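Trainee: Residue numbers (the working numbering): 32 to 144. Glycine included, C-beta positions come from ideal geometry on N, C-alpha and C. Quick caveat, the model's predicted, so the values are computed rather than measured. The structure follows.
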């Protein structure tokens, strides 16, 4: 989601009559994302430079709110910081249901450039 590439694709899908259902799995911070990358590296996976993690984390959240939620016919934003998925909010372009207002506000704040 750090790329804007899928926005055009989703618009084309909607123009052809497809419904867009979005599930966004979030973490609470770029630092936690870096910890997850470090764990993956220790397990033999690939590394991502720290600067890239920070840039992608912020850009992904910005794109979520500015591009992808408005395009989705329905969406759910989940938190995976603890390892167990929990719903933060869900909705449609016209209506949102926020389950965890503190985490929702935190994501909105982190999404600001």
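1) Do residue 144 and residue 150 come within 8 angstroms of each other at the CB atom, strictly closer than that value?
2) Could I get the ranges of all uninterrupted alpha helix (DSSP H) runs contained in the stretch 45-105, with 4 residues as the minimum, in chain order?
3) Quick one: what's residue 127 bridged to in DSSP?
4) Does the stretch 108-115 come close enough to the stretch 42-50 to have 3 or more Cβ pairs within less than 8 angstroms?
5) What's the C-alpha gap between residue 129 and residue 51?
6) If you follow the alpha helix (DSSP H) that residue 143 is in, where does it begin and where does it stop?
7) Say whether the stretch 97-105 touches the stretch 113-123, bearing in mind that this needs 3 or more beta-carbon pairs closer than 8 angstroms, one atom from each stretch.
8) Pull up the distance between the alpha-carbon of residue 135 and that of residue 87, whole angstroms please.
9) Based on the DSSP output, what are the partners of residue 109 in its beta bridges?
Mentor: Walking through what the data contain:
1) There is no way to answer for residue 150, as the model of the chain reaches only from 32 to 144.
2) 61-73, 81-94
3) 122
4) no
5) 20 angstroms
6) Taken as a continuous stretch (DSSP letters only), residue 143 belongs to no alpha helix (DSSP H), as it is neither H nor E.
7) yes
8) 19 angstroms
9) 56, 118
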